[in-house]
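Quick notes on the structure that follows.
Residue numbers (my numbering): 5 to 110.
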């Protein structure tokens, strides 16, 4: 029964990633001008949204250097470095737990 749950979990993750790619979610997060305008228009609360998108981007294998450049351009050197490091860390944690919950033996 656990194998069925793991298979369903993997399928759900893949469907979410396919939906995110079809919606162009990862195209915008790699565009530094779009990110800068998005933060300026929507306010500082969008940093959490961008942090989550950056974590998802790095969790699926996106280069962390792109996130570092985009956040550095949009937020400045210090805050961009902090937020890109946090996004990479969250992406690593997310990838670790997905692998642990799905690949590890029962």
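Yeah, the Cβ is synthetic: ideal placement off N, Cα and C, and Gly gets one too.
Since residue 49 is in the alpha helix (DSSP H), which residue starts that stretch and which ends it? Taking the chain shown and counting its residues from 1, the one referred to as residue 49 is at position 45. Element bounds for residue 49: n/a, residue is neither H nor E.
By a C-beta neighbour count over all protein chains shown, 10 Å radius and 16 as the cutoff for buried, is residue 23 buried or exposed? Looking up residue 23 in the chain shown gives position 19. Classified as exposed, residue 23 has fewer than 16 neighbouring CB atoms from the shown chains inside 10 Å of its CB.
Taking the alpha carbon of residue 125 as the reference point, which residue from 35, 18, 16 and 11 has its own alpha carbon closest? As displayed, the chain neither begins before 5 nor continues past 110, which places residue 125 out of reach and without an answer.
Tell me the rounded alpha-carbon separation between residue 61 and residue 26. As a first step, residue 61 must be located in the chain shown, where it is residue number 57. As a first step, residue 26 must be located in the chain shown, where it is residue number 22. In a straight line, the C-alpha of residue 61 is about 14 Å away from that of residue 26.
Please confirm if residue 15 has its CB atom under 9 Å from at least one CB of chain B. No chain B appears in this structure, which consists of one protein chain only.
Residue 94 versus 50, 19, 46 and 57, residue with shortest Cα-Cα distance: Position 90 of the chain shown, counted from the first residue, corresponds to residue 94. Answer by Cα proximity: 57.
Assign residue 87 to buried or exposed, taking buried as 16 or more other Cβ atoms, counted over all protein chains shown, within 10 Å of its Cβ. As a working mapping, residue 87 is identified with position 83 in the chain shown. The residue is buried, with at least 16 neighbouring Cβ atoms inside 10 Å.
Can you confirm whether the stretch 42-57 touches the stretch 5-18 when touching is taken to mean that 3 or more C-beta pairs between the two stretches lie within less than 8 Å? Result no; under three Cβ-Cβ pairs closer than 8 Å.
Tell me which residues share the same chain as residue 50 and place their Cβ nearer than 7 Å to its Cβ, disregarding the 5 neighbours each side in the sequence. Stepping through the chain shown from its first residue, residue 50 is reached at position 46. Annotation for residue 50: 42 and 43 place their beta carbon closer than 7 Å to its own, counting only its chain and skipping 5 residues before and after.
Spatial neighbours of residue 59 within its chain, please: C-beta separation below 7 Å, excluding the five flanking residues on both sides. Position 55 of the chain shown holds residue 59. Within the same chain, residue 59 has close Cβ partners 91, 94, 95 and 98.
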